[in-house]
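I have placed the structure first, in the form of structure tokens, so that the comments after it can refer back to it.
Protein chains: 4
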Amino acid sequence: MGIYEPKPEHKFTFGLWTVGNRGRDPFGSEVRDPKTPVELVYLLSEVGAYGVNFHDNDLVPIDATQSEAKRIKREFQKALDETGLVVPMATTNLFFDPVFKDGAFTSNDSRVRAYALQKSMNAIDLGVEFGAEIIVFWGGREGVETDSSKSAIDSIKRTREALNFLCDYAIDNDYGLKFALEAKPNEPRGDLYNATTGHMLGFIETLDHPEMVGVNPETAHEHMSGLNFMHSVAQAWEAGKLFHIDLNDQYPGRYDQDLRFGSRDIKAAFYLVKFLEDVGYVGSRHFDAHAYRTEDYEGVKDFARGCMRTYLMLKEKAEQFNKDSEIQDLLNEIKSEDPKMHDFYGKYNPEKAAALKAQTFDRHSISNRGLKYERLDQLTIELLLGVR
Amino acid sequence: MGIYEPKPEHKFTFGLWTVGNRGRDPFGSEVRDPKTPVELVYLLSEVGAYGVNFHDNDLVPIDATQSEAKRIKREFQKALDETGLVVPMATTNLFFDPVFKDGAFTSNDSRVRAYALQKSMNAIDLGVEFGAEIIVFWGGREGVETDSSKSAIDSIKRTREALNFLCDYAIDNDYGLKFALEAKPNEPRGDLYNATTGHMLGFIETLDHPEMVGVNPETAHEHMSGLNFMHSVAQAWEAGKLFHIDLNDQYPGRYDQDLRFGSRDIKAAFYLVKFLEDVGYVGSRHFDAHAYRTEDYEGVKDFARGCMRTYLMLKEKAEQFNKDSEIQDLLNEIKSEDPKMHDFYGKYNPEKAAALKAQTFDRHSISNRGLKYERLDQLTIELLLGVR
Amino acid sequence: MGIYEPKPEHKFTFGLWTVGNRGRDPFGSEVRDPKTPVELVYLLSEVGAYGVNFHDNDLVPIDATQSEAKRIKREFQKALDETGLVVPMATTNLFFDPVFKDGAFTSNDSRVRAYALQKSMNAIDLGVEFGAEIIVFWGGREGVETDSSKSAIDSIKRTREALNFLCDYAIDNDYGLKFALEAKPNEPRGDLYNATTGHMLGFIETLDHPEMVGVNPETAHEHMSGLNFMHSVAQAWEAGKLFHIDLNDQYPGRYDQDLRFGSRDIKAAFYLVKFLEDVGYVGSRHFDAHAYRTEDYEGVKDFARGCMRTYLMLKEKAEQFNKDSEIQDLLNEIKSEDPKMHDFYGKYNPEKAAALKAQTFDRHSISNRGLKYERLDQLTIELLLGVR
Amino acid sequence: MGIYEPKPEHKFTFGLWTVGNRGRDPFGSEVRDPKTPVELVYLLSEVGAYGVNFHDNDLVPIDATQSEAKRIKREFQKALDETGLVVPMATTNLFFDPVFKDGAFTSNDSRVRAYALQKSMNAIDLGVEFGAEIIVFWGGREGVETDSSKSAIDSIKRTREALNFLCDYAIDNDYGLKFALEAKPNEPRGDLYNATTGHMLGFIETLDHPEMVGVNPETAHEHMSGLNFMHSVAQAWEAGKLFHIDLNDQYPGRYDQDLRFGSRDIKAAFYLVKFLEDVGYVGSRHFDAHAYRTEDYEGVKDFARGCMRTYLMLKEKAEQFNKDSEIQDLLNEIKSEDPKMHDFYGKYNPEKAAALKAQTFDRHSISNRGLKYERLDQLTIELLLGVR
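Residue numbers (this note's numbering), protein chains in the order written: chain A, 1146 to 1533; chain B, 1146 to 1533; chain C, 1146 to 1533; chain D, 1146 to 1533.
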């Protein structure tokens, strides 16, 4: 089964907060003892991860003294060195502390907005210190429970101003960074701004440095709204904006589950892996998920191993799909092109428009062709079930 | 109650397909007899609408002969002239005919894609003939039931090529048009591409003429995914992209209900109307909704009158909100700014960043301030219920 | 691959309306020509189905004359005889005709309620004529768009009165029938009464003849609300109420998709099949689904074959799960029982309660045990993917 | 505005956990300092509540010594005496402690099941000690993330055995109690058993003492699944099973929001209040909600006052609806009965069936009647907005 073993070239990464998740939820306390960042690095090394990512406060507690921070960073670097794990991405926790109870960049309190900027600069410094080349921004509290409380327009402008500031900060410091914005529709706020990856893509184009800002789509966050995650990822990729990705699983219309990758919606996970592999995405495959609350740390390892293993199993299925002659024959048949139509495509010119207007189409004969998508989909299901 | 009577300056418009909806649904046949476009214009005039919009085939059947089309258009123009109704928007039906069963611009069949372009040019011509200045595009079948059947990347490229072509067509003909793209997450396809207004905003920036393309957000379509509609509208507005809007109502997580405006989610409707009125949106207030299937045409008029009346009642509430001193005092208190923070805002410079990094923040005292949003929201509810 | 070929003992049935579905939806017209009931019987025979079910009007149009009905029934019987197909279930269409626009048994119009009773008696007679032993009731329009329009209490009472009447009718005629009630949360009405299988189970206990009334749970209908379908099926089974089942597939929070069984949520389909096979359910496996609108009748056959084939593939997986020693060892370990606890179970008595109150529990040591559910679930995923 | 002031006869109650909620959520720590049960009783008295309910551990911490428990209970009783607040309901916390990480009554660990029984008996004793007449059961962890881990059938049987045991315990002790079961579809588990109030109603009929067991429906829990809450409440009421109710608010398809009553879905809240008042429900109006995380304890009071005030405003609207002659005339018209039909209703007999079969119905004329539900609903909206 060596084929499903994680290797560095697979670029499998986990956040400290994922394998370090202690199982706290709105209705229950922690079930697992805390582990230090160093312990988590060794755990990730043991299961075969390539890299580890962090929020500033996953590594350095928000109230740590300078000397504590120094010690923590030294020990963390030592663990990275010993294990060979890298830190491709870092992010800022702008949601946990009570100070962010009404958001960070969009808070109605000017002191909070300033503090959020300061904290973000420091988190960027921290990430860069460990080699991060991507900074993720998830505005966990940038939203409202009641739209009476905040202006949606002000919130957009404030978010833009903050990101412009931080882009310039990174540029000014020659950090060579990319920023990746992560959308979520709700939770922990009633409604979060920039609710989907699509909203983020639209927003990015209004920034001062759109070229250095892309997205970090997360499976669960798009599934929460019942959206097709791969479609959002494809749009981001096609726009040159897929800078990072958060893989996990989620059933629609409920709380943020952060399930083991591929454990809930096998078919959606397959199309996603197939997409990433087909287009040649070379970034991290970052798992932003956590073990069930029923687990101890052996279960956490099972969880982490499962994420990677399922990715690799689905990657193999994707290759099989591309080589399956019956499937490929069907696809070729479906996509067969009428050469007479080619004249009508491509860039507009008046002659082309005139010719197209003059063309007659036999709607009925075109409509009558069965497209064989039931057959195609059934073959996909059988491939997924391993009976092809 | 004259205050709630629709007037031309309110720019209330309806589609022919809305008051002309005959109550057909997946589980039942039509319940209302057909009405001609002319009859529908008079019906709209009777209830006080300002304008009427149409899909090409709402006005001219897909199989109409030239002479039939001519007659229909002449009669329609006469009805417009007699009633004073205008046609601010037109659109193309790219979903009803079986030829579009796998989409129009994204169909796997090259003949369908060409035909869709042709049909769109003709629909643009038709709209312009009646004075439309906005062309809406809703890709009702641009999607999939199984991602095995279509490439998401190809679909994006095909949609872009089609829209670029049609933009150039409109420019070449000096039509002076704006295009407004309408998103929907699903139905009638399993998943539709460009699932939300956010996705559309991202997509528009990749077009050849982004300046002439904006969005047509629809309440129901964002509510279907459980998203905050006003937030999407605000993002579109702030980006200068709110070219048109489709007003109706919808409960999340179900089939496209197209309910009477303001009839299901009063609070969301209030924030939307307040937003549109506060920012000074001057476009059509287009109702893309239809009467319950329990209604005859008297009920259709009740439905249409109710859409407009509820809009005007909520508009009055929005004005009241802005004048309510208790509410405004709370808002001012909530948004009170610390003048010391102002130095940290605005465009980045290294000195500002250094000063901000050196600033100390008392997180605990900031956090301890109660934000009074429960009070603010309760006042909003009381205002909505008419007991303030 | 003979193992996945449908055989009579699998009890695979389809409704006339499923393979006869012509692809009409709210945004598009029919894409497939009509087929007669006889043609559909032969189609079902060709793909290997065991039985065929119908609504009264699938077989005999609502406006058919007596002689037309006679001819249709004679021809249908002949097709059954020639193919060997049986009719295990029949049902009444109480939703399509405009007369039912506000419901049937719960309509506010007393004539509609009476007509619905009459039509149901006739449909029962028709079903019995062809050997049906189960009568399904789906109240497709028993609901509201606005709760101003109907009393929820009256609706419950009216539904009860109608079902009591029809139970007595069946008993009086010695039909030996079982009734199976089918729940749905919404569509085509804004909200349907008795929204879930659970609500139906509660309702049944208030009938005069609860013993002859059970449920007909449908995958899509519970998935629409995001519920775990198998849990509802299990509750029905455990209560002795699983009289029939409608198998299909559906992604949550959207329109009723009626997808090919097992084509969307593989994992949920697996647990469902495993449940039905493990408990020894002997009723029909009825597929209440239809082919994508992209298909011609060859595609309809692909669809029907796929439903049955996927069921059989998942049935094989269920057997494999039960035989997999690693999985079974984990399950045994998870469920290991402390014999000291056995005294505390079973029926209450005061001594047992006193002893239990006196028992001490070491919460911390119990909590610390990892439950290995991540491992167990990963093994399940691997089994489903065919890599075990 | 004295009309909207809470009075004891309104039976407004809150849980200690509601006004005592400290704002912890999955993405953030507590924002409000803890308050003792005594402080919370005084807070509730200040805002005008009638009663206070509790989980065992809201009052007595799970690790309290006997003497601590004694002191706490003495102080709590003193606060009740001084304020006049009553304790109509109590419940057991079977979800917070890590020991319940895989459920309580349905845990795979026999020690947990026994401990859950013991804890429930003690919680019942505690509730009775303070006068509670209703014991609520919410199985917060009775579910799964993966159906591989537990048998759904075993879980039903275990839940039944536990509830039968506890019923007998209460009967044996002459406690004169009613049990009220509370359903929830998911969160904190992936799927919870008995997902809706409907499922609970079905389940109750399988208990040894169904007469002493009813339901405690919660607005948010049914809204999470997108269900019409009032319909579930009506079914419970009509079956004599509405023993208690948890009022709050929630937008569908997301995490459990527990919003201030009537603050999100005004229309649904109206129909619910109207239902409770129209049928003469005399039990507690219990608010199971909490203040936004942006609030301090003044905001918590605003929240609590708002719940009650909005209930009373909607109660007044309900009375207005019942007195509004235009609305009532419409309702009478809609419900007009054809006296000829009366013969067909009521209990079955063969003659009635024969007569009904012989009756002819003019489907078309019946269908053509418009039902005026758009008008009726618009009047309802206008009444809600206070413009009637």
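Glycine included, each C-beta is placed from N, C-alpha and C at the ideal position.
These figures come from a predicted structure and were not determined experimentally.
Return the residue from the list the options that minimises the CA-CA distance to residue i.
i: C/Q1263; options: D/I1511, D/A1503, D/E1290; result: D/A1503
i: D/A1436; options: D/E1461, D/L1404, D/R1430, D/S1429; result: D/L1404
i: B/D1441; options: B/K1152, B/G1168, B/E1154; result: B/G1168
i: B/G1285; options: B/D1313, B/S1296, B/R1305, B/A1328; result: B/A1328
i: C/N1513; options: D/S1481, D/G1147, D/F1159, D/V1257; result: D/V1257
i: D/P1362; options: D/N1393, D/L1475, D/L1322; result: D/N1393
i: C/L1173; options: B/G1147, B/K1180, B/I1349, B/D1247; result: First, the amino acid is wrong: residue 1173 of chain C is Gly here, not Leu. The shortest Cα separation from C/G1173 among B/G1147, B/K1180, B/I1349, B/D1247 belongs to B/D1247.
i: A/I1411; options: A/H1368, A/A1381, A/V1445; result: A/H1368
i: A/L1501; options: A/M1486, A/I1511, A/K1492, A/D1507; result: A/M1486
i: D/F1374; options: C/H1344, C/D1353, C/H1155, C/H1376; result: C/H1344
By how many angstroms is the C-alpha of residue j removed from the C-alpha of residue i?
i: D/V1192; j: D/N1166; result: 16 Å
i: B/P1484; j: D/A1365; result: 42 Å
i: D/M1266; j: D/L1311; result: 7 Å
i: C/E1292; j: D/G1425; result: According to the sequence as given, residue 1292 of chain C is Asp; it is not Glu. C-alpha separation (whole angstroms): 18 Å.
i: A/T1251; j: B/A1434; result: 34 Å
i: C/R1303; j: C/E1478; result: 51 Å
i: A/G1385; j: A/F1324; result: 13 Å
i: C/T1181; j: C/L1225; result: 13 Å
i: B/R1454; j: B/I1390; result: 17 Å
i: C/E1356; j: C/E1350; result: 9 Å
i: D/Y1195; j: D/Q1395; result: 24 Å
By Cβ distance, which residues of its chain are closer than 7 Å to residue i, with the 5 residues on each side in sequence left out?
i: B/L1459; result: G1407, A1414, F1415, V1418
Which same chain residues, not among the five before or five after residue i, have their C-beta less than 8 Å away from its C-beta?
i: D/I1472; result: F1466, L1521, L1524, T1525, L1528
i: A/K1223; result: V1183
i: C/E1464; result: E1422
i: B/E1213; result: V1205, P1206
i: C/L1185; result: L1161, V1164, G1165, V1197
i: C/T1228; result: V1186, Y1187, L1189, S1190
Identify the continuous beta strand (DSSP E) that holds residue i and give its terminal residues.
i: B/A1235; result: 1234 to 1236
i: C/A1297; result: Segment 1297 to 1317 is the alpha helix (DSSP H) holding C/A1297; no beta strand (DSSP E) there.
i: B/N1578; result: Given that chain B is displayed from residue 1146 to residue 1533, the structure contains no residue 1578 of chain B and the question cannot be resolved.
i: C/V1360; result: 1358 to 1360
i: B/F1324; result: 1323 to 1327
i: B/F1348; result: Segment 1342 to 1349 is the alpha helix (DSSP H) holding B/F1348; no beta strand (DSSP E) there.
Roughly how far, in whole angstroms, is the beta-carbon of residue i from the beta-carbon of residue j, given that I think they are within contact range, below 8 Å?
i: A/G1371; j: C/P1153; result: A/G1371 to C/P1153, Cβ: 39 Å. No contact.
i: B/L1326; j: A/G1347; result: With a Cβ gap of about 11 Å, B/L1326 and A/G1347 do not count as contacting.
i: C/V1358; j: C/L1308; result: 7 Å
To which residues of the same chain is residue i closer than 6 Å at the C-beta, ignoring the five residues directly before and after it?
i: A/W1162; result: D1203
i: C/Y1338; result: E1287, G1288, S1300
i: A/E1220; result: V1183
i: A/F1275; result: V1232
Along the chain, where does the alpha helix (DSSP H) containing residue i start, and where does it finish?
i: D/F1420; result: 1411 to 1424
Taking 7 Å as the cut-off, is the C-beta of residue i nearer than that to any heavy atom in the ligand HEM?
i: B/T1236; result: The ligand HEM is absent from the structure shown, which contains no ligand whatsoever.
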